[in-house]
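Each number in my numbering corresponds to the 1-based position in the sequence shown with 9 added. Backbone N, C-alpha and C define an ideal beta-carbon position, used for all residues, glycine too. Please read all numbers here as calculations on a predicted model, not as lab measurements. This report concerns only the one structure given below.
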Amino acid sequence: MEHRVADSLKILTEADKEACETVRVSENEPVSGKKRLFIESYGCQMNFSDSEIVASVMRDAGFATTSDVNNADLIFLNTCAIRDNAEQKVRNRLKQLNFIKKNKPGMLIGVLGCMAERLKTKFLEEEKMVDIVTGPDAYRDLPRLVEEAETGQKGVNVFLSREETYADISPIRLNSNGVTAFISIMRGCDNMCSFCVVPFTRGRERSRDPYSIVKEAEDLFRDGYREVTLLGQNVDSYKWKSEGHAETSGETVVNFANLLEMVAKVNPELRIRFSTSHPKDITDEVLYTMKKYDNICNYIHLPAQSGNTRVLELMNRTYTREWYMGRIDAIRRILGEDCGISHDMIAGFCSETEEEHQDSLSLMAYSDFDFGYMFAYSERPGTLAAKKFTDDIPEEVKKRRLAEIIELQRGMSLTRNQRLLGTIQKVLIEGPSKKSDSDLCGRNDQNKMVVFPRENFEKGQYVDVLITECNAATLLGRVVQPEPVVG
Ligand code: SAH
Ligand code: SF4
Ligand code: F3S
């Protein structure tokens, strides 16, 4: 699952990625008479989406969000535990915040999210100035935990639920461009990839009521949003069962393909994206549903993690190299050569040989990925890999393999982008480009960032852009008039 703030950076090293993963809230309502909450989020889109739920829960408890940390009564860090350096970032930030707190005696600091869940009360022992520790399934309890902390006790709730989906909570959109939004469709993960901490930090997989998802999409569309990204650790295993739901008769089973179709029907002008797909679970039914609806974007994030079957087995990914290639073939067959595909790859997993690393490179070349998120293996305490295998690839070898993976991806990204020179791409405008206010940016169907002169266009509009230049990360062009509809 990847990152709104990282969207324009297609090729990310681990360090780059974590450097751009932090987002602070902006003030989104007047604060008079209310206490002020500052939230900072780290990690994946799920965490950013959760912060919007947290803001909603806290608003009902009398807190308004603020972007000024020095002015806050309450600070929440929504943390990530996926790699060691993600946790180091949080520890460093806590040190800084504790300086501010020293001069503001009433200020409270809460640690939420995956690192809170992983470390539980150990957080309080290790980081003396943390007042509240809350895991991802306990956000409804935050107002009580804050009250407890206000009396000088520590507020801790790291209970993981089998049911919680926050389906009834309307998120407060933080740092929103007003055009694109995330919708959480499930929580947790039942896979046990041996390198991964997520099943321990987010608990068992559960799917959210599809009708509440459709309603959220409808509300967003009504409020002017034009793109939703459906989020889950493994969206292909979305499954919701009901007996006699109010809007149906008898038992209903909704799978991910059904859900995609339901959301696609909200409005043809609403674009649908989703993340993350799992190679073992993505079905042809999903691919055909994508093909059937123009507003379901032609883009799939399909993490590979390795291109070698032995390593994949050690990782407990439950597919082989050939299976992964077969899924790529199915995507190309059903959705065409132009379908955008991105991946995640881990360099230097336990006992990975040079030949096995070469297999990762050749799988990438076979798959012709548009972009990727690439990482050096980082052992996480408590995971299957930490228990069963030795983290035996020296740091400099991991780094060198990672650099080779990134270099290959950079070249492929450039070639994939060059294929689009001279074509017309349908772009949903998200706002001003990062580099210049006189340019706008937005993404095409395949999730590629496109930058073009502002003229009189506005965010939220669809425009047809003739692509005239590109680099590995971005397409550049100009809006063409009249506007032929392509894509
Ligand atoms: N649910 C998604 C991934 C979530 S974590 C999936 O199944 O693909 C995002 C990415 O972080 C993973 O795809 C993996 O590439 C990377 N990652 C997870 N644990 C890691 C670790 N211990 N070391 C390095 N990278 C890791
Ligand atoms: Fe982690 Fe695997 Fe679950 Fe993804 S599918 S969150 S990598 S355990
Ligand atoms: Fe996401 Fe990091 Fe947790 S990637 S699920 S916030 S460990």
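What does a CB cutoff of less than 6 Å around A356 pick up in its chain, not counting 5 residues either side in sequence?
The answer, listed in chain order, is A385, K407, R410, L411 and I414.
Please determine, among L311, R68 and N304, the residue with the shortest C-alpha to C-alpha distance to L183.
Residue R68 is the option with its Cα nearest to L183.
Hey, is M201 close to ligand 2, as in C-beta under 7 Å from one of its heavy atoms?
M201 Cβ: within cutoff of ligand 2.
DSSP state of M354 mapped onto helix, strand, coil
When DSSP states are grouped into helix, strand and coil, M354 belongs to the strand group.
Which complete alpha helix (DSSP H) runs does the segment 364 to 413 hold, if anything under 4 residues is left out?
Those alpha helix (DSSP H) runs which fall completely within the segment 364 to 413 and span 4+ residues are 393 to 397.
Which residue comes first and which comes last in the alpha helix (DSSP H) that contains R231?
Run containing R231: P219 to R231, per the alpha helix (DSSP H) assignment.
Spell out the partners DSSP gives Y260 in its beta bridges.
Position check: residue 260 holds Glu in this sequence, whereas Tyr was assumed. E252, per the DSSP bridge assignment.
Cβ of Y220 within 7 Å of any heavy atom in ligand 1?
No - ligand 1 has no heavy atom lying nearer than 7 Å to the Cβ of Y220.
Cα-Cα separation between L169 and K111, rounded to whole angstroms:
The alpha-carbon of L169 is positioned some 33 Å away from that of K111.
From this set, F398, I402 and N166, which residue's C-alpha is nearest G144's C-alpha?
With distances taken between Cα atoms, G144 lies closest to N166.
Assigned secondary structure, T174 (DSSP; H/G/I helix, E/B strand, else coil)
Of the three classes helix, strand and coil, the one that applies to T174 here is coil, per DSSP.
What distance in whole Å lies between the Cβ atoms of F191 and I58, which are believed to be in contact at a cut-off of 8 Å?
A quick correction: the sequence has Ser, not Ile, at residue 58. Indeed they touch by this definition, with Cβ atoms about 4 Å apart.
Where does E11 land, buried or exposed, given buried means 16+ other C-beta within 10 angstroms?
Residue placement at E11 is poorly supported in this model, since its pLDDT is 37, which falls under 50; the coordinates are not used for a value here.
DSSP on V120, reduced to helix/strand/coil?
In the three-state reduction of the DSSP assignment, V120 falls in the strand class.
Below 8 Å between beta carbons: does that hold for D368 and R330?
A Cβ-Cβ contact shorter than 8 Å links D368 with R330.
Spatial neighbours of L417 within its chain, please: C-beta separation below 6 Å, excluding the five flanking residues on both sides.
The beta carbon of L417 sits closer than 6 Å to the beta carbons of L370 and M373 from its chain, once the five residues preceding and following it are set aside; these are given in chain order.
Take every Cβ of the segment 88 to 97, pair it with every Cβ of the segment 107 to 123, and state whether three or more of those distances are shorter than 8 Å.
Short answer: they touch.
Which whole-angstrom value is the C-beta distance of A313 and M354, which I expect to be below 8 Å?
The C-beta separation of A313 from M354 comes to about 6 Å, placing the pair in contact by the 8 Å criterion.
Output needed for V474: all residues of its chain with C-beta closer than 6 Å, excluding positions within five of it in sequence on either side, in chain order.
Its chain contains Q434, V436, V459, F461, G486 and V488 as the residues whose beta carbon lies nearer than 6 Å to that of V474, once the 5 sequence neighbours on both sides are disregarded; these appear in chain order.
Which of the three DSSP states, helix, strand or coil, is assigned to M334?
Look at M334 here: in three-state DSSP terms it is helix.
Thinking E214 and D228 are a contact (beta carbons under 8 Å), I'd like their distance in whole angstroms, please.
Not a contact, Cβ separation roughly 25 Å.
DSSP-derived helix/strand/coil call for A313:
For A313, the secondary structure class from DSSP, reduced to helix, strand or coil, is coil.
Indicate whether L269 and I222 have their beta-carbon atoms separated by less than 8 Å.
Result no, Cβ atoms of L269 and I222 do not sit closer than 8 Å.
Considering only C-alpha positions, which residue in the set S50, G233, E322 and N317 is nearest to M201?
By alpha-carbon distance to M201, the top candidate from S50, G233, E322 and N317 is E322.
Check each candidate in I337, R389 and M271 and name the one with the smallest Cα separation from I305.
Distance check between I305 and each of I337, R389 and M271 places M271 closest, using alpha-carbon atoms only.
Should G52 be listed as close to ligand 3, given that the test is whether its C-beta is under 7 Å from any heavy atom?
Yes - ligand 3 has a heavy atom lying nearer than 7 Å to the Cβ of G52.
Helix or strand or just coil, what does DSSP make of N184?
The answer is coil: DSSP assigns N184 none of H, G, I, E or B.
Whole angstroms is fine: what's the gap from I4's alpha carbon to E252's?
Outside the displayed span of the chain (10 to 496) sits residue 4, for which this structure offers no information.
Please state if the CB of E173 and the CB of D150 are separated by a distance shorter than 8 Å.
No.
Where does S360 sit, in a helix, a strand or coil, going by DSSP?
Coil, per DSSP.
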